[in-house]
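Working notes, structure below.
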Amino acid sequence: MTARAGTIYLVGAGPGDPKLITVHGREVLETADAVVHDRLISPELLKLARREARIEDAGKTPGRASRSQAEINELLIELARERLSVCRLKGGDPFVFGRGGEEVLAARAAGIPVVVVPGISSALAGPAAAGVPVTHRGVESSFTVVTGHDAQSAAGAGVDWERVAATPGSIVVLMGVGNLETIARKLIQGGRRPDEPVRVVERATLPEQRVVSGTLATIGAIAEESDVEAPAVIVVGAVVGVLEQGAAT
């Protein structure tokens with residue numbers, strides 16, 4: 009397929025490894041007139057864009073001035089109004105903490121057609137790449153995905169950690185490595201066992217992927233000692249290590 013002029017495509021680029029973009033996503037990327045990409049998009053993916061394509065970096069880097077979400081929305085609309093086909097390339101899946109919904113609403117308000125191309129979220133791929141199934145028969149039948157971006161704020165980013173802790177199943181935390189110790193403490197306070205297993209996957213699916221493991225009581229110190237940095241995915245629950253233990257299937 010060829011990307012249509014005047015249309016914005018919200019494309020999920022996947023969790024990091026450029027080979028994990030979907031076939032549909034790659035087709036849009038290869039044919040679009042303009043590509044507006046996030047900070048963590050693989051340079052190998054950007055090489056797939058047409059030589060003539062307009063490339064815009066919309067990434068938000070800590071400590072560096074960057075476009076606001078409103079400015080990104082305006083850029084997408086402006087490009088589409090120029091009758092360009094626009095590939096909005098976002099890490100993971102556009103609708104999993106990717107603010108894709110805001111971009112869809114802005115485009116629709118401006119009368120611009122939008123096509124959403126789902127991607128593989130790091131919430132699933134991160135644990136899987138580290139050998140952790142987020143569900144496993146006889147162990148966990150559900151999982152919760154939550155942002156840990158500003159868990160240290162007074163409002164806790166709107167996350168009810170007590171409720172998260174009380175919800176049965178595995179817990180997957182995105183954007184939380186900087187607040188890992190706080191998150192672990194809040195989960196314990198909410199009723200999770202201090203000895204509950206935790207695995208942190210840094211740069212999941214990439215060649216430099218690194219994994220550290222511990223418990224809710226110990227993972228903060230372990231991650232700090234190991235200098236774990238973002239981007240990283242945190243998974244909490246009995247599923248951590250279940251494959252290594254040879255649990256029954």
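Just so we're aligned, residue 9 is where the sequence shown starts under my numbering, counting upward by one.
Beta carbons: idealized from backbone N, C-alpha and C, even for Gly.
When the Cα atoms are used, V44 and T30 turn out to be separated by approximately 17 angstroms.
Rounded to whole angstroms, the Cβ separation of E170 and G198 is 4 angstroms, and the two are in contact under 8 angstroms. Listed in chain order, the non-local C-beta contacts of L132 below 7 angstroms within the same chain comprise V142, local neighbours out to five positions each way being set aside. Here the alpha carbons of E90 and R218 stand approximately 43 angstroms from one another. With respect to L53, G99 sits apart: the two C-beta atoms are not nearer than 8 angstroms. Pairing L37 with R200, the inter-Cα distance amounts to about 43 angstroms.
In this structure, DSSP gives G100 an extended state, which the three-state scheme calls strand. Between G22 and P102, the C-beta gap is not smaller than 8 angstroms, which leaves the two residues out of contact. Taking the Cβ atoms as the reference, A66 lies roughly 7 angstroms from D46, within the contact range of under 8 angstroms. Its chain contains V154 as the residues whose beta carbon lies nearer than 6 angstroms to that of V167, once the 5 sequence neighbours on both sides are disregarded; these appear in chain order. Boundaries of the alpha helix (DSSP H) harbouring V112: G108 to A117, taken from the DSSP string. Sequence-distant partners of P121 (beyond 5 residues in either direction) whose C-beta falls short of 6 angstroms from its own C-beta, in its chain, are T15. The beta carbons of E148 and S129 sit no closer together than 8 angstroms. In this structure, DSSP gives V241 an extended state, which the three-state scheme calls strand.
Of the candidates G119, V112, L195 and V124, L195 places its Cα closest to the Cα of T152. Counting only the Cα atoms, R75 lies some 30 angstroms from V208. At the C-beta level, E252 and T223 stay beyond 8 angstroms of one another. Taking 8 angstroms as the cut-off, the Cβ atoms of G127 and H157 do not count as close. Taking 8 angstroms as the cut-off, the Cβ atoms of A212 and V181 do not count as close.
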